[in-house]
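Working notes for the structure below.
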Amino acid sequence: IVFIHGDFSELNLPEKYELIVSVTVLQHLPPERISKALNWIKDHMHYDGRFIMLENVTFRSETVFSWPAEGWENLLGIYGLRVEKVIHYDHSFFLKLSNSCGYLLRREACFLDSLLDPLWRFLNISWGANHAGFLVKKF
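In terms of this note's numbering, the sequence shown has 109 at position 74, counting the first letter as 1, and numbering is strictly consecutive.
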């Protein structure tokens, strides 16, 4: 496993990878830079490799250029990438509460959420799926 921290536009790697992972990176690339990043990903994926990306699907600002899940799928398609699976997720209830109220410690909030997560899933309760994970392959 090789972890690379750097700018897509500056990475000059000759290898092809079976797995490329991007966690909330693409949403911060302005439209004029995302093309280069998606081409780089496609060009560096092994022929049967996968790309996993976790991105915002609701919030937009001056520094967040998110798309709804369908928008990400369409954008990836333009660059010869096909979404195999999408899983919507978000930070959980207690973690959000700890961030907004400040009286729960982050570790305790994560622990409480891990205990209650199976119940929320069983009851099909969501705390607002602002993010999505995408499993992507080449066409």
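Every residue, glycine too, gets a C-beta built ideally from N, C-alpha and C.
If you keep only unbroken beta strand (DSSP E) runs of at least 3 residues inside the stretch 60-140, you get 80-91, 116-124. Within its own chain, the residues whose Cβ lies closer than 7 Å to the Cβ of F43, once the five positions on either side in sequence are excluded, are K71, A72, W75, listed in chain order. Note that the C-beta distance between W102 and L89 is not below 9 Å. Assigned with DSSP and collapsed to three states, L54 falls in strand. Nearest to I55 by alpha-carbon distance, out of R142, T93, P153, Y82, is Y82. F157 counts as exposed, since fewer than 16 other C-beta atoms from the protein chains shown sit within 10 angstroms of its C-beta.
In the three-state reduction of the DSSP assignment, F174 falls in the coil class. Between the alpha carbons of V121 and G106 lies a gap of roughly 12 Å.
The closest CA to that of K77, considering only L154, P153, L116, G168, is found on L116.
Non-local beta-carbon contacts of I69 in its own chain, meaning distances under 7 Å to residues more than five positions away in sequence, involve L61 in chain order. Non-local C-beta neighbours of S57 in its own chain, meaning closer than 6 Å and more than five positions away in sequence, comprise M88, ordered along the chain.
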